[in-house]
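Below is one structure, written out as structure tokens; comments come after it.
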Amino acid sequence: MNQDQIRPMSRHVGSEVHGLRLASASDSDIAGIKHLLAERGLVVFRDQDLSEEDHIAFARRIGPIVVNNYFPANGGHPEIAEVRKSETQQVNIGGGWHTDHSYDQVPAMGSILVARELPPSGGDTLFASMAAAYDSLSDAFKATLETLRAVHTADHIYGPDGFLSNSDQGADLKGRDLKTRAVHPLVIRHPDTGQKLLYVNSGFTTHIEGWTRDESLSLLNYLFSVGMREEFQCRLQWAPGTVAMWDNRSTWHYALNDYHGHRRLMHRITIDGVPIH
Ligand code: SIN
2 MNQDQIRPMS RHVGSEVHGL RLASASDSDI AGIKHLLAER GLVVFRDQDL
52 SEEDHIAFAR RIGPIVVNNY FPANGGHPEI AEVRKSETQQ VNIGGGWHTD
102 HSYDQVPAMG SILVARELPP SGGDTLFASM AAAYDSLSDA FKATLETLRA
152 VHTADHIYGP DGFLSNSDQG ADLKGRDLKT RAVHPLVIRH PDTGQKLLYV
202 NSGFTTHIEG WTRDESLSLL NYLFSVGMRE EFQCRLQWAP GTVAMWDNRS
252 TWHYALNDYH GHRRLMHRIT IDGVPIH
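Going by the working numbering, the sequence shown opens with residue 2, and the numbers climb by one from there.
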């Protein structure tokens, strides 16, 4: 893989890699992909023809696989979680800004999503750079944020009273009785690049440690509004054969739900992470 094959998707996040066949990538290609992922937060490959076995084999070259506790597994392969919405469902998976697995003590490093069935239009995914969001803040505010930790959980999404459990996605989901709670610093360093990152997200961060929910929301809602600024985002328009890999520490993502009446099926493999500080 050389520089001519890499095109930025926006100023702060995302690169497309052209002319690389993932199923037969060399060890030096894999090292280059990992480096690019750490730098850009999202790496996209077009026109791939990855079988489910190829998807798993490629994921294993990136890192150990972690099985998602909630999404339905693909029949033949427990490593592959299905992110799906049928013609008759109204609610989609991932339809709000979030980062995967921040409710785990050791959040997943990233995910590799393969487009299997796409609507005729719509169904794009937005990504946002948490390095750019952090860098945009004043030094004094950054210093305050660095003294704080936040609580993350998935119980309000997937638990018995959870939003998704009680939506038209509920019947397909697992793990209703699981309990999750993790406390992470508001500002973390990327384990590979050392870059400082804003580490809260509107999907799973419920409050600041030691603060009430109301007190927390005043700060969290402000930070969410910073993370959502359009200049920190890029938009991925999927096509048959598109594969995307993102870093959950340095990005948020948002699966747009603008294709009611059509089916969308994505296969996701999540890659294990390392402790974050
Ligand atoms: C997800 O949030 O992992 C799903 C993203 C997508 O379906 O585009």
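Built from N, CA and C at the ideal position, the CB exists for glycine as well. Just so you know, these numbers come straight off a predicted model, no measurement behind them.
Judging by CA-CA distance, which residue of G111, A151, R8 is the nearest neighbour of W212?
Looking from the CA of W212, the closest CA among G111, A151, R8 belongs to A151.
Report the residue from G42, L51, L221, A144 whose alpha carbon sits nearest the alpha carbon of R117.
With distances taken between Cα atoms, R117 lies closest to L51.
Straight-line gap, H36 to M2 (C-alpha atoms, nearest Å):
Taking the straight line from one Cα to the other gives about 11 Å.
Between S122 and Y260, how many whole angstroms is the CB-CB distance? I'm expecting something under 8 Å.
Contact between S122 and Y260 holds: CB atoms are separated by about 7 Å, below the 8 Å threshold.
Taking buried to mean at least 16 other C-beta atoms within 10 Å of its own C-beta, is T206 buried or exposed?
Around the C-beta of T206, 16 or more other C-beta atoms lie within 10 Å, and the residue is accordingly described as buried.
Which of the three DSSP states is assigned to Y135 in this structure?
The answer is helix: DSSP assigns Y135 an H, G or I state.
With a Cβ-Cβ cutoff of 8 Å, do R62 and E17 count as a contact?
No. Outside cutoff.
Following a CB-centred definition, is T201 positioned closer than 7 Å to any heavy atom of the ligand SIN?
According to the sequence shown, residue 201 is Val rather than Thr. Taking the Cβ of V201 as the reference point, every heavy atom of the ligand SIN lies at 7 Å or farther away.
Please name the residue, chosen from D156, H157, D136, that lies closest to E147 on a Cα-to-Cα basis.
Per the Cα distances, D136.
For S217 and D30, the rounded distance between their alpha carbons:
Going by the C-alpha atoms only, they are around 43 Å apart.
In three-state DSSP terms, what is I81?
Three-state DSSP puts I81 in a strand.
What does the shell around the ligand SIN hold, if a residue joins when its beta-carbon is under 5 Å from any heavy atom?
For the ligand SIN, the residues with a Cβ under 5 Å from any of its heavy atoms are, in chain order, V84, G95, T126, A256, M267.
Residue range of the beta strand (DSSP E) that includes K197:
K197 -> beta strand (DSSP E) spans 197–199.
The alpha helix (DSSP H) that contains R8, what's its start and end?
From DSSP, R8 is part of no alpha helix (DSSP H) but of the beta strand (DSSP E) over 7–9.
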